[in-house]
Amino acid sequence: MILAVIFVLLFSSLVCLYRVIVGRTIYDRLIAADAIGVMFALIIVLCGSYFQQPYLYDVALVYGVLLFLDMLIFAKYLEKGDILK
Numbered sequence: 068m069i070l071a072v073i074f075v076l077l078f079s080s081l082v083c084l085y086r087v088i089v090g091r092t093i094y095d096r097l098i099a100a101d102a103i104g105v106m107f108a109l110i111i112v113l114c115g116s117y118f119q120q121p122y123l124y125d126v127a128l129v130y131g132v133l134l135f136l137d138m139l140i141f142a143k144y145l146e147k148g149d150i151l152k
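68 is the number of the first residue of the sequence shown in my numbering; add one for each residue after it.
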């Protein structure tokens with residue numbers, strides 16, 4: 068069952084990858100990239116559950132925090148045009 072969910076998430080990531088490549092605006096592309104990141108964090112958690120490896124939960128948590136910081140940096144860059152202003 069967990070493997071089926073992982074494959075569905077991988078397929079959904081491919082659909083979002085299409086939106087990243089062909090997105091009309093930069094905001095569409097950014098949201099699709101964020102969705103891919105969230106899906107991969109969920110895949111890491113599911114793999115940790117399937118393979119009985121609890122350290123993967125920590126990896127997914129760190130990945131989620133880095134993904135959040137990445138989106139904050141992109142949002143600030145798109146708003147002001149420079150990260151350090």
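For every residue, glycine included, the Cβ atom is placed at its ideal position computed from N, Cα and C.
- The residue among Ala71, Tyr124 and Val105 with its C-alpha nearest the C-alpha of Leu134 is Val105.
- Rounded to the nearest whole angstrom, the CA to CA distance from Val82 to Val126 is 25 Å.
- Within its own chain, the residues whose Cβ lies closer than 7 Å to the Cβ of Leu76, once the five positions on either side in sequence are excluded, are Met106, Leu109 and Ile110, listed in chain order.
- Collapsing the DSSP output to three states places Met68 in coil.
- Between Tyr124 and Gly131, the gap from beta carbon to beta carbon reaches 7 Å or more.
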